[in-house]
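Student: Top line first, the protein sequences correspond to chains A and B.
Residues 0 to 56, numbered by numbering that gives the first Met the number 0, are exactly what the first sequence covers, in order.
Residues 0 to 683, numbered by numbering that gives the first Met the number 0, are exactly what the second sequence covers, in order.
Could you have a look at this structure, given as structure tokens, before my questions?
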Amino acid sequence: MMTARSALRILISALREIFDEAAYARFLERTRMASSPSAYAAFWRERENNAPKPRCC
Amino acid sequence: MLDGMNRPVSILAWGAVSLVAAGATAVVAVHRSEPINALWLVAAATCCYALGYRFYSKFIAAKILAVDALRATPAERLENGRDFLVTNKWVVFGHHFAAIAGPGPLVGPVLAAQFGYLPGTLWVLAGAVFAGCVQDFVILLFSVRRDGKSLTEMAKEETGAVGGIVAYAAVIAILIILLAVVALVVVNALKDSPWGTFTIAMTIPIALLMGIYLRRIRPGKVLEVSVLGFILVLLAIWGGQWISLHPGPASVFTLSAPTLAISIIIYAFAASVVPVWLLLAPRDYLSTFVKLGTIGLLGIGIVAIHPTLHMPAFTRFVDGTGPVFAGKIFPFAFITIACGAISGFHSLISSGTTPKLIARETETRMVGYGSMLAESAVAVMAIIAACVLQPGVYFAINSPAGIVGQTAVSATTTISNWGFPVTAADMQALAHAVGEQTLFNRTGGAPAFAVGMAHIFSQTLGGGTVMALWYHFAVMFEALFILTILDAGTRVARFMIQDALGHIYKPLGRTSWYPSIIFTSALIVAAWGFFLWQGVKDPLGGINSLWPLFGIANQLLATVAMCVATTIIIKMHRARYAAVTLVPLVWLVAITFTASWHKIFDLNPRVGFLAQARFLASGPATSATARLIFNNRLDAAVTGLLLVMVTLVLIESARQWVGVISGRKEARVKETPFVMTRLTEERA
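Shown next as structure tokens:
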């Protein structure tokens, strides 16, 4: 039961990382902002000028 | 897990795995008389991967790389909550796999199936275990030991300035050719298909809606909006069926190949220019969501129905006369498979975001070697999906009209005369079952894969009545993959060009300056759009010239990566183990140089670019002929240029090796000095 729960927790963490939810949470923590449209806009402003993650063929 | 067992049990268990691996691979390799069950391929692959991971990767980690769990990684030392971040190894694994898994391992093996199921299967297994996984693993570890430096930076530091410049130029060249060839795959999958075109067109407003939802309504709730987007895509597939059944709307979405090519070029330019959050990021989320789910579902489907492969082990086309693409089994099977066995592009990801997330050096083995094994498993699934089709059907879908003729009767007669019986009625019934007007001349691999995948899925879920839905789901899945690559690839190339141009005129290097954004986006889109247009207008289907060009470029980048890896291994005083990267390097040089030579100089006009140009020049002169002649000469020049660049890296690297081994050169690696980790066990 514990193993299944821990596997599920890791799966959700992986999905949150892949889908940038974790990155947004870290951004909120780092900038001490609450989640809002303006915070999300600021998150993307920070990321906008970085090259996107390459996607392989 | 078996590491924890006592020694006799472990020996017995791994002995059993070895026996199954040998037995299943032998059955796959020697079986000739009757169709073979796909489970033999699954068993061979699973056991070979398990052995490769357990023994070979462990040997490399221990004897050559000396991975050190006590050495602090850049994620720990430089942690900033943004790029550098200590992350759970399974999370990094998922992140890395999502980045390396693209349409390549699906399309390449489908195209290479024209040689039979065996060449592709053996190369996917051996290539992954001994070359592809090794490349991804060692480059990842070397990047971790250099603060997450990129391949081009490592090439510059370890092999010299030439290595850095060539790696940079090779990346740009690969991106341009890759974007052109994957766009061509989409064009060939969607031409004259109102259902498919409507579904894919709808993914653009769906992505925009997701972007606005994320920005304005539920900021940051990406998983939630991806589920919503997925439901909307399913509705779009269902709506596509309605569109295809009504002549009025169907005519709007029935587009020719040139019209689709122009639409895709315009779309990619727009996607590169508009803000990332609006189109690129939501499409990436949607594509990743569908990708991970579908790959999992396909794996379950194959094991559940364990279909029979109808394609023989070898076909007559090993002699180089294949209709899908011309060229002998050596070297073209190895060029065509690409990402399922080894992909130079992976080295960019292994030296990109992934090394900045690794908590412990020991985890590079699982992330680098393990993810590539998973990618190789996807390639095996693609081989199975292609080979469950009757060979006649496979060749009818994948052969261009220029080879088999324009009409259904001429195509089926030609293919049946090759020894692969198929009738026009069979093809009509299949097209009807998948909701298409025709499946003839649907080159590029994606439609054949979609038919195979629909065949497997429809036997698992829903039966034959929903085959059309599964087919269009598969087409949507591949096209979504590919459009994401077009978005992200165009943008990555734009950043690289801006970076280079910034040295000439500073404002051009500013990634937020709109004139620069528009200029560099137009430059990149024009470059790959040119090759796409060339492919669309090619009477031999385009894939015949562009896919090998992509394969050569991709494997040449792997050659650069292996040169860097070998140089570092020799500088680490591990020259006696250098064969681990040197042997794959020699093999890569053999296949890429041979393939390049054939593509440039082969006297067969279907193989050699220059021979094709001469053949066209000897015929009637029209404006179209003049363009085709120019295109073939340009392809020859591009191939030659890539070859010269990689030769320079090889020479530069060999000089380093000889210098270090003979003692004339100091063996100094540019690693970050050792710092003891302070990570607690739980945090790592």
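The beta-carbon is built from N, C-alpha and C at its ideal position, and this holds for glycine as well.
Everything numeric in this text was worked out from a predicted model, so none of it was measured.
(1) For B/Pro218 and A/Ser34, what's the separation of their Cα atoms in angstroms?
(2) Quick one: residues in its chain with C-beta nearer than 6 Å to the C-beta of B/Gly401, no 5 flanking neighbours on either side, listed in chain order?
(3) Can you tell me which of the three DSSP states B/Met0 falls into?
(4) Considering Cα atoms alone, identify which of B/Ala373, B/Leu117, B/Lys570 is closest to B/Ala25.
(5) Which ranges would you report for the alpha helix (DSSP H) in the stretch 132-201 of chain B if only whole runs of at least 4 residues count?
(6) Please report how far the alpha carbon of B/Cys338 lies from the alpha carbon of A/Arg31, in whole angstroms.
(7) Using the three-state DSSP reduction, which class does A/Ala3 fall into: helix, strand or coil?
(8) Would you please verify whether the beta carbon of B/Met0 is less than 7 Å from any beta carbon of chain A?
(9) How would you write the range of the alpha helix (DSSP H) that B/Asn603 sits in, first residue to last?
(10) Could you check if B/Ala688 is buried or exposed, using at least 16 other CB atoms within 10 Å of its CB as the buried criterion?
(11) Report the residue ranges of all alpha helix (DSSP H) runs contained in full by the stretch 279-352 of chain B; include only those spanning at least 4 residues, in chain order.
(12) Helix, strand or coil, according to DSSP, for B/Gly528 in the structure here?
(13) Does B/Ile660 get closer than 7 Å to chain A when you measure Cβ to Cβ?
(14) Which residues of the stretch 94-115 of chain B have a Cβ closer than 8 Å to any Cβ of chain A? Give them in chain order.
(15) State buried or exposed for B/Gly101, treating a residue as buried only when at least 16 other CB atoms are found within 10 Å of its CB.
(16) Could you tell me whether the stretch 530-549 of chain B touches the stretch 436-447 of chain B, where touching means 3 or more Cβ pairs closer than 8 Å?
(17) Label B/Met684 either buried or exposed according to how many other C-beta atoms from any shown protein chain fall within 10 Å of its C-beta, with 16 as the threshold for buried.
(18) Starting from the Cα of B/Ala71, find the closest Cα among B/Thr361, B/Thr151, B/Trp194, B/Ile301 and give me that residue.
(19) What residue does the alpha helix (DSSP H) around B/His471 start on, and which one ends it?
(20) B/Trp39: buried (16+ other C-beta within 10 angstroms of its C-beta) or exposed?
(21) Return the residue from the list B/Gly80, B/Leu18, B/Val465, B/Cys386 that minimises the CA-CA distance to A/Ala24.
(22) Whose Cβ in chain A lies nearer than 7 Å to the Cβ of B/Cys132?
(23) Starting from the Cα of B/Pro248, find the closest Cα among B/Ser622, B/Glu152, B/Gly228, B/Trp194 and give me that residue.
(24) Rounded C-beta distance between B/Gln611 and B/Leu587? I'm assuming under 8 Å.
(25) With distances taken from CA atoms, which of B/Ser192, B/Tyr212, B/Ala235 is nearest B/Met201?
(26) Determine whether the Cβ of A/Arg25 lies closer than 7 Å to any Cβ atom of chain B.
(27) Look up B/Ile503 in the DSSP assignment and say whether it is helix, strand or coil.
(28) Can you find the residues in the same chain that come closer than 7 Å, C-beta to C-beta, to B/Val226, ignoring five residues on each side of it along the sequence?
(29) How would you write the range of the alpha helix (DSSP H) that B/Val563 sits in, first residue to last?
(30) When burial is assigned at 16 or more other CB atoms within 10 Å of the CB, is B/Ile230 buried or exposed?
(31) Report yes or no: is there a C-beta of chain A within less than 7 Å of the C-beta of B/Thr437?
(32) Check whether chain A comes within 7 Å of B/Gly443, counting only Cβ atoms and requiring the distance to be less than that.
(33) Give the residues of chain A in contact with B/Thr287, contact being defined as C-beta atoms less than 8 Å apart.
(34) Report the partner residues of B/Asn36 according to the DSSP bridge assignment.
(35) Bridge partners of A/Arg29, per DSSP?
(36) Whose Cβ in chain A lies nearer than 8 Å to the Cβ of B/Phe344?
Tutor: Checking against the coordinates, here is how it stands:
(1) In the second sequence, the residue the question calls residue 218 of chain B occupies position 219. In the first sequence, the residue the question calls residue 34 of chain A occupies position 35. Between B/Pro218 and A/Ser34, the C-alpha separation is close to 7 Å.
(2) Taking the first residue of the second sequence as 1, we reach residue 401 of chain B at position 402. Cβ neighbours of B/Gly401 beyond the five flanking positions: Pro538, Leu539.
(3) Taking the second sequence and counting its residues from 1, one reaches residue 0 of chain B at position 1. The predicted position of B/Met0 is uncertain, since its pLDDT is 48 and thus under 50; a value taken from the coordinates is nonetheless stated next. Coil at B/Met0, not helix or strand.
(4) Along the second sequence, read from residue 1 onward, the residue named residue 25 of chain B stands at position 26. Comparing Cα-Cα distances from B/Ala25 to each of B/Ala373, B/Leu117, B/Lys570, the minimum goes to B/Leu117.
(5) Whole alpha helix (DSSP H) segments, 4+ residues: 132-143, 150-158, 160-189.
(6) In the second sequence, the residue the question calls residue 338 of chain B occupies position 339. In the first sequence, the residue the question calls residue 31 of chain A occupies position 32. Approximately 42 Å, taken between the alpha carbons.
(7) As a first step, residue 3 of chain A must be located in the first sequence, where it is residue number 4. Helix.
(8) As a position in the second sequence, residue 0 of chain B is number 1, starting the count at 1. Reliability of the predicted coordinates at B/Met0 is poor, the pLDDT of 48 falling under 50, and the value obtained from them is presented with this limitation in mind. By this cut-off, B/Met0 is not an interface position.
(9) Indexing the second sequence from 1 puts residue 603 of chain B at position 604. Taken as a continuous stretch (DSSP letters only), B/Asn603 belongs to no alpha helix (DSSP H), as it is neither H nor E.
(10) Here chain B covers residues 0 to 683 and nothing more, so residue 688 of chain B does not appear.
(11) 279-304, 328-336, 343-349
(12) Here residue 528 of chain B refers to the residue found at position 529 of the second sequence. It is helical.
(13) The residue labelled residue 660 of chain B in the question sits at position 661 within the second sequence. When Cβ-Cβ separations below 7 Å define contact, B/Ile660 makes no contact with chain A.
(14) His94, Ala97, Ala98, Ile99, Ala100, Gly101, Pro102, Gly103
(15) Reading the second sequence from its first residue, position 102 is the one you call residue 101 of chain B. Sixteen is the threshold: when 16 or more other Cβ atoms of the shown chains lie within 10 Å of the Cβ of B/Gly101, as they do, the residue is buried.
(16) yes
(17) With chain B represented from 0 up to 683, any question about residue 684 of chain B goes unanswered, as that position is not in the structure.
(18) By 1-based counting over the second sequence, the position of residue 71 of chain B is 72. Just measuring C-alpha positions, the residue of B/Thr361, B/Thr151, B/Trp194, B/Ile301 sitting nearest B/Ala71 is B/Thr361.
(19) Looking up residue 471 of chain B in the second sequence gives position 472. Its alpha helix (DSSP H) spans residues 466-500.
(20) Counting from 1 along the second sequence, the entry for residue 39 of chain B is found at position 40. Looking at its Cβ environment, which holds 16 or more other Cβ atoms inside 10 Å, B/Trp39 is buried.
(21) As a position in the first sequence, residue 24 of chain A is number 25, starting the count at 1. Residue B/Gly80 is the option with its Cα nearest to A/Ala24.
(22) Residue 132 of chain B sits at position 133 when you count from the first residue of the second sequence. Here the premise fails: no neighbours, minimum Cβ distance about 14 Å.
(23) What you label residue 248 of chain B is simply residue 249 of the second sequence in a count that begins at 1. The residue with the shortest Cα to Cα distance from B/Pro248 is B/Trp194.
(24) Here residue 611 of chain B corresponds to residue number 612 of the second sequence, with the count starting at 1. Here residue 587 of chain B corresponds to residue number 588 of the second sequence, with the count starting at 1. Their Cβ separation, rounded to whole angstroms, is 26 Å, which puts B/Gln611 and B/Leu587 out of contact at 8 Å.
(25) Against the second sequence, residue 201 of chain B aligns to sequence position 202. Nearest of B/Ser192, B/Tyr212, B/Ala235 to B/Met201, Cα basis: B/Ala235.
(26) The residue you call residue 25 of chain A lines up with position 26 of the first sequence. Closer than 7 Å to some Cβ of chain B, the Cβ of A/Arg25 qualifies, so yes.
(27) As a working note, residue 503 of chain B is residue 504 in the second sequence. Reduced to three states, the DSSP call for B/Ile503 is coil.
(28) Indexing the second sequence from 1 puts residue 226 of chain B at position 227. Closer than 7 Å at Cβ, skipping near neighbours: no residue.
(29) As a first step, residue 563 of chain B is located in the second sequence; it is residue number 564 there, counting from the start. Counting along the chain, the alpha helix (DSSP H) containing B/Val563 begins and ends at 542-570.
(30) In the second sequence, the residue the question calls residue 230 of chain B occupies position 231. Exposed, by the Cβ-count rule.
(31) Counting from 1 along the second sequence, the entry for residue 437 of chain B is found at position 438. Cβ-Cβ to chain A under 7 Å: no for B/Thr437.
(32) Locating residue 443 of chain B in the second sequence gives position 444, where the first residue counts as 1. No, its Cβ sits nowhere closer than 7 Å to a Cβ of chain A.
(33) As a working mapping, residue 287 of chain B is identified with position 288 in the second sequence. Per Cβ cutoff of 8 Å: Ile17, Phe18.
(34) Position 37 of the second sequence, counting from 1, holds the residue named residue 36 of chain B. B/Asn36 pairs with B/Thr307.
(35) Position 30 of the first sequence, counting from 1, holds the residue named residue 29 of chain A. A/Arg29 is not bridged to any residue.
(36) Locating residue 344 of chain B in the second sequence gives position 345, where the first residue counts as 1. Residues of chain A passing the Cβ test: Pro53, Cys55, Cys56.
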